[in-house]
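Here is the structure we will look at.
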Amino acid sequence: MARNFAAKLREKLASGALPNPSSLPTKYFVGRGTNGRCDGCEEFITPDQIESEINHGGRTLRFHARCLAEWHAISAESMYEVQAPVRGDAARQPFVDLVRDKLDSGLLPHDGATTLWAGIGSGRTCSLCEAPILITEMEYELEYDDGRRVILFHVSCHGLWEAERRRRGYAPPD
Ligand SMILES: [Zn+2]
Ligand SMILES: [Zn+2]
Numbered sequence: 002m003a004r005n006f007a008a009k010l011r012e013k014l015a016s017g018a019l020p021n022p023s024s025l026p027t028k029y030f031v032g033r034g035t036n037g038r039c040d041g042c043e044e045f046i047t048p049d050q051i052e053s054e055i056n057h058g059g060r061t062l063r064f065h066a067r068c069l070a071e072w073h074a075i076s077a078e079s080m081y082e083v084q085a086p087v088r089g090d091a092a093r094q095p096f097v098d099l100v101r102d103k104l105d106s107g108l109l110p111h112d113g114a115t116t117l118w119a120g121i122g123s124g125r126t127c128s129l130c131e132a133p134i135l136i137t138e139m140e141y142e143l144e145y146d147d148g149r150r151v152i153l154f155h156v157s158c159h160g161l162w163e164a165e166r167r168r169r170g171y172a173p174p175d
């Protein structure tokens with residue numbers, strides 16, 4: 002996940018070519034790729050890849066699982082700025098504080114996962130907000146190769162965690 006890609010996503014968000022995901026519903030259609038172009042990286046999403054779709058203003062946005070994660074992570078960056086409670090959305094503010102608390106107390110790791118799996122929600126509990134990840138939602142499963150317990154996230158929760166750990170100087174995933 003190169004720096005160029007992150008820069009491109011930042012541009013798309015700044016220009017309005019992509020909306021801020023926090024302004025959209027959290028329900029995604031999740032399934033196999035249908036060979037449409039990804040609104041993040043602009044590459045095709047092939048049937049061997051997981052695709053998530055969301056309807057926005059009469060248009061369907063589609064993403065690779067990784068690109069969806071990156072879209073959320075980058076747009077969550079502003080949540081951690083000093084002015085965030087004013088500029089950001091109030092609904093997500095408690096989760097910003099929760100990310101900080103869980104990182105500080107070691108309940109969430111600072112380092113990126115060895116493997117990031119994405120799929121349809123399994124009903125298991127999100128490691129950040131502790132609500133179940135529903136079948137209508139994307140679920141991210143983070144695996145570490147040192148035998149740690151897996152971490153599960155909603156896409157928006159993953160984005161908040163990713164933005165804050167990067168802000169603290171930990172590298173984005175490759
Ligand atoms: Zn993509
Ligand atoms: Zn969550």
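Numbering (my numbering), first residue to last: 2 to 175.
Backbone N, C-alpha and C define an ideal beta-carbon position, used for all residues, glycine too.
Those residues that have a beta carbon less than 6 Å away from any non-hydrogen atom of ligand 1 are, in order along the chain, C39, G41, C42, E44, F64, H65, C68.
With respect to A70, G160 sits close: the two C-beta atoms are nearer than 8 Å. Sixteen is the threshold: since fewer than 16 other Cβ atoms of the shown chains lie within 10 Å of the Cβ of R38, the residue is exposed. Beyond the five residues adjoining it in sequence on each side, G122 comes within less than 6 Å, by CB distance, of I134, L135, I136, E138, E140 in the same chain, given in chain order.
Assigned with DSSP and collapsed to three states, V97 falls in helix. Those residues placing their Cβ nearer than 5 Å to any heavy atom of ligand 2 are, following chain order, C127, L129, C130, H155, C158.
Ranking A15, A8, Y145, H57 by CA distance to the CA of F30 puts H57 first. In terms of CA proximity to H155, S23 leads the group A15, K13, S23, K9. Ranked by how close their Cα comes to the Cα of K103, the residues I152, R60, G148 have I152 in first place. The three-state reading of DSSP puts N56 in strand, counting E and B together.
Shown here, V156 sits in a helix according to DSSP, grouped into three states.
The Cβ atoms of I46 and R60 do not sit closer than 8 Å to each other. Counting along the chain, A119 sits inside the beta strand (DSSP E) bounded by residues 116–121. Remark: C-beta atoms of Y171 and H73 do not approach each other more closely than 8 Å.
In the three-state DSSP reduction, R38 falls in the strand class (E or B).
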